[in-house]
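So in UniProt numbering, spot 70 of the sequence shown is number 70, and the numbers just go up one at a time. The beta carbon of each residue, even a glycine, is placed where N, CA and C say it ideally should be.
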Amino acid sequence: MSTDSQQSVQELDVREADGEPFEQIMSALGDIDESEALRLVNSFEPVPLYDVLSKKGYQYDTEQVADEEWHVTIRPE
Numbered sequence: 001m002s003t004d005s006q007q008s009v010q011e012l013d014v015r016e017a018d019g020e021p022f023e024q025i026m027s028a029l030g031d032i033d034e035s036e037a038l039r040l041v042n043s044f045e046p047v048p049l050y051d052v053l054s055k056k057g058y059q060y061d062t063e064q065v066a067d068e069e070w071h072v073t074i075r076p077e
């Protein structure tokens, strides 16, 4: 079992996405394996995404790092 410090993290920055980034986020999540995480970079806290992630078996940690920059680290449960 890997620890967070050993976990590979892929980054997806959707701040400049054209339109709704939901499909892009779901596609990126489909590309990671159990030992990886996805760091979503967004300009706002993506609250509607949390329910979807929980229902699909993901856990997440959210951090606001600047006025218009949020990082959501998503990993399989």
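State the CB to CB distance for the pair residue i and residue j, rounded to an integer number of angstroms; the pair is presumed to be in contact (CB under 8 Å).
i     : j     : result
Asn42 : Arg75 : No, Asn42 and Arg75 are not in contact; Cβ-Cβ is about 17 Å, not under 8 Å.
Ser8  : Ser35 : 7 Å
Asp29 : Tyr58 : Looking at the sequence shown, residue 29 is not Asp but Leu. Their Cβ separation, rounded to whole angstroms, is 7 Å, which keeps Leu29 and Tyr58 in contact under 8 Å.
In the DSSP assignment, what residue or residues form a beta bridge with residue i?
i     : result
Ser8  : Glu36
Tyr60 : Ile74
Glu16 : In the DSSP output, where bridge partners are listed per residue, Glu16 has none listed.
With respect to the alpha helix (DSSP H) encompassing residue i, which residues constitute its N-terminal and C-terminal limits?
i     : result
Val47 : Val47 to Lys55
Phe44 : Phe44 -> no alpha helix (DSSP H), and no H or E assigned at all.
Glu68 : Segment: none, Glu68 is in no alpha helix (DSSP H) and carries neither H nor E.
Just tell me which of the options has its CA closest to the CA of residue i.
i     : options                       : result
Glu11 : Leu38, Thr62, Ala17 and Ser27 : Leu38
Asp67 : Asp51, Phe44, Leu53 and Leu49 : Phe44
Glu77 : Asp18, Leu53 and Trp70        : Leu53
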